[in-house]
Amino acid sequence: MTTQINNSDDLLSYLVSQANSGQKNWFGFAQQRLTGINLAHEIAKHHADKMSPEEAVDYAIKLNNAIYHKIIKAD
518 MTTQINNSDD LLSYLVSQAN SGQKNWFGFA QQRLTGINLA HEIAKHHADK MSPEEAVDYA
578 IKLNNAIYHK IIKAD
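Position in the sequence shown (first residue = 1) + 517 = this note's numbering.
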């Protein structure tokens with residue numbers, strides 16, 4: 518089955534379904550990439566006047582990694 522994600526609401530619904538799937542590794546590499554891409558676009562959309570595209574992507578990567586380590590893994 519293929520999941521189509523068209524907007525942030527679809528992405529959130531997908532992540533909730535993954536979290537409820539019972540799989541231990543529900544927030545794996547594929548999910549991180551999806552959220553990272555969406556996050557980079559949102560950051561760029563809201564901060565294009567202050568950040569370069571590279572800065573927006575770098576920030577999205579750092580934020581995504583922090584979310585994974587501090588919330589998902591709870592290090």
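No residue lacks a Cβ here, since even glycine has one placed at the ideal position from N, Cα and C.
Looking at residue 556: is its Cβ nearer than 9 Å to the Cβ of residue 577?
yes
Under 9 Å between the Cβ atoms of residue 546 and residue 532?
no
So, helix, strand or coil for residue 569, using DSSP?
coil
Please determine, among 573, 523 and 528, the residue with the shortest C-alpha to C-alpha distance to residue 549.
528
Which residue comes first and which comes last in the alpha helix (DSSP H) that contains residue 557?
546–564
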